[in-house]
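Data block below; observations after.
Numbering (my numbering), first residue to last: 1323 to 1882.
Shown next, in the form of structure tokens:
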């Protein structure tokens, strides 16, 4: 059965296996993105599509324009024995009469427990109750209760000047009530008095009381100040124009700064309201019809606000901690998928991958603290999944003590199949020419293998899930750099009598080793490294090193 077209349909579920892989990743290396093929008919050597996720996944972003088409694996997939050679099955596959015809064979996972027998998007099991969206709970369909809560959108009153003026009156009233609420909260000990000095041991931890997705004061304030996002508005069928709808509004992120008063308890959402906000974003915003590139900035800001509300409350109750971890896990998955899909050159919307990585790191850090602080008290079913992501993200960590940190984890966590695969990826990705540690104690990676072939083979295997492959993709260009250096050491050194072997590394061969989609991407990558090509007697281009040293390879342009 074909999976859902939307890549976020399974974000709320535990990550599982993925469908069979395609190959490579495309793009212009001059951009802060991986390589991507421009051809709409080209088939990538890697994960999925351009701006919309596909079920086929491998070493990189595939080619072609944005599409929401979900491609079903070929029913003539290679046998399990071909798993050792990740790309042999692609070469042996016969063309199906229809890409959607037939039933996809069940793939046996390489590691027990890593995958379910049947999975949807992001490894969510097909038919899993939690992945079914109940449209009747969509806040966008919950119209105001003043006699206009019919199902038909035309029952919503048209927003005219009278309605807008009523917001101004309501805003002034709420500002007066807000001052009284602040005095009352200080008197009850729910807030610190800003006019009185307070020691750290007398600090008051705020407790949220807001049970809606956005506090009432912020809703009215942003409507008056015309700061309502398009995703928070309602397209009225009578006028065919966007108008404000408070039930769709979510609290936006606001930094603590001079001129801003401390948040009231009524400004901070309860854990249940934060879970509702997270579910709404994933099911009805990300699961809507708008492309990810258009709504990403909105979701990015609102998820940051959710994390901030969890942080200021310093939750310790068991049920509250479980809710917080559930929300943070879903937010982390959102950032991982966005980092993969929107880094593609096919994405024409503004996207800062460094800010995305920063927020992902912050989310992962909060998750690690929750896991560690509640060890032995609360069991988190998805901890092994995110510990695996943590290991892969540590590939270029300046702290060279990852193995020592992993040894402090419980034995059942260390023996988890996901964690074991992540450790193999970590070891294969390490190299001896990049030093780790602080400035005064730099040293080579103790477990570095520089085994680029094994790294890509692992990513292509069923043991690596879609999201884990998205995380590993961050380091593809570093692995290609390792491959280039290994080629130089093995084939292109003195003596000059052996230099003829240099011609063996043609562009076609390099494309296979570096796992690009086509030769143009390989040439572009090498040119970015200031490497040159020459033409052999057969008219084929090959990598021409000449007499240049290996350290002359440019490492500055490698994108992380």
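No residue lacks a Cβ here, since even glycine has one placed at the ideal position from N, Cα and C.
Practice task
Report the rounded CA-to-CA distance for residue 1584 versus residue 1578, giving the unit in angstroms.
Solution key: 8 Å
Practice task
Below 8 Å on the Cβ atoms is my guess for residue 1573 versus residue 1538; work out the distance and round it to an integer in Å.
Solution key: No, residue 1573 and residue 1538 are not in contact; Cβ-Cβ is about 11 Å, not under 8 Å.
Practice task
Could you say which of 1630, 1669, 1633, 1562 lies nearest to residue 1613 if we only look at CA atoms?
Solution key: 1669
Practice task
Kindly confirm or deny that the stretch 1743-1753 and the stretch 1775-1792 touch, where touching means at least three C-beta pairs closer than 8 Å.
Solution key: yes
Practice task
Leaving aside the five residues before and after residue 1700 along the sequence, list all residues of the same chain whose C-beta is less than 7 Å from its C-beta, in chain order.
Solution key: 1640, 1643, 1644
Exercise for the section: In angstroms with no decimal places, state the Cα-to-Cα distance between residue 1837 and residue 1800. Expected result: 12 Å
Practice task
Measure the beta-carbon distance from residue 1593 to residue 1637 and round it to whole angstroms, keeping in mind my assumption that it falls under 8 Å.
Solution key: 7 Å
Practice task
Taking residue 1843 as part of the alpha helix (DSSP H), name the residues at either end of that continuous run.
Solution key: 1841-1850
Handout entry: Cβ-based neighbour list, residue 1527, same chain, cut-off 6 Å, excluding 5 preceding and 5 following
Key = 1636
Practice task
Consult DSSP for residue 1602 and reduce its assignment to one of helix, strand or coil.
Solution key: helix
Exercise for the section: Quick one: give me the first and last residue of the alpha helix (DSSP H) that residue 1556 is part of. Expected result: First-last for residue 1556: 1555-1558, but that is the beta strand (DSSP E), not the alpha helix (DSSP H).
Problem - Bounding residues of the beta strand (DSSP E) (the contiguous stretch that carries residue 1856) - result: 1854-1857
Handout entry: Supposed contact pair residue 1604 and residue 1652 - C-beta distance, whole angstroms, cut 8 Å
Key = 6 Å
Practice task
Whole angstroms is fine: what's the gap from residue 1532's alpha carbon to residue 1598's?
Solution key: 12 Å
Problem - Span of the alpha helix (DSSP H) around residue 1582 - result: Where residue 1582 is concerned, there is no enclosing alpha helix (DSSP H), given that its DSSP letter is neither H nor E.
Handout entry: According to DSSP, residues forming a beta bridge with residue 1865
Key = 1855
Problem - residue 1628 and residue 1591 closer than 9 Å at C-beta - result: yes
Practice task
Could you please give me the residues that DSSP links to residue 1563 through a beta bridge?
Solution key: 1558
Practice task
Using alpha carbons as the reference points, say which of 1665, 1529, 1739, 1694 lies closest to residue 1731.
Solution key: 1694
Handout entry: Distance between residue 1859 and residue 1940 (C-alpha atoms, nearest Å)
Key = Beyond the ends of the chain as shown, which are 1323 and 1882, falls residue 1940; an answer cannot be given.
Practice task
Give the C-beta separation of residue 1575 and residue 1623 to the nearest angstrom, bearing in mind that I take them to be a contact with Cβ-Cβ under 8 Å.
Solution key: 5 Å
Exercise for the section: Throw me the rounded Cβ distance for the residue 1656 and residue 1646 pair, which I believe falls under 8 Å. Expected result: The Cβ separation is near 16 Å, so there is no contact.
Exercise for the section: Would you kindly report the start and end of the unbroken alpha helix (DSSP H) that includes residue 1658? Expected result: 1640-1663
Exercise for the section: In angstroms with no decimal places, state the Cα-to-Cα distance between residue 1864 and residue 1806. Expected result: 13 Å
Handout entry: residue 1671 beta carbon less than 9 Å from that of residue 1664
Key = yes
Handout entry: Three-state secondary structure (DSSP) of residue 1591
Key = strand
Problem - Where residue 1625 falls: helix, strand or coil (DSSP) - result: helix
Practice task
Enumerate in chain order the residues of its own chain whose CB-to-CB distance from residue 1500 is below 8 Å, with the five nearest sequence positions on each side excluded.
Solution key: 1539, 1586
Problem - Rounded separation between residue 1773 and residue 1626 - CA only - result: 37 Å
Problem - C-alpha gap between residue 1679 and residue 1483, whole angstroms - result: 43 Å
Exercise for the section: Can you give me the start and stop residues for the alpha helix (DSSP H) that residue 1746 sits inside? Expected result: 1739-1751
Exercise for the section: State the start and end residues of the unbroken alpha helix (DSSP H) segment that holds residue 1712. Expected result: 1705-1715
Exercise for the section: Have a look at residue 1621 and residue 1509 and give me their C-alpha separation to the nearest angstrom. Expected result: 36 Å
Practice task
Excluding the 5 residues preceding and the 5 following residue 1658 in the sequence, name in chain order all residues of the same chain whose CB lies nearer than 8 Å to its CB.
Solution key: 1682, 1711, 1789, 1792, 1793
Practice task
Measure the C-alpha to C-alpha separation of residue 1808 and residue 1523 and round it to an integer number of angstroms.
Solution key: 57 Å
Exercise for the section: Check whether the Cβ atoms of residue 1851 and residue 1803 lie closer than 9 Å to each other. Expected result: yes
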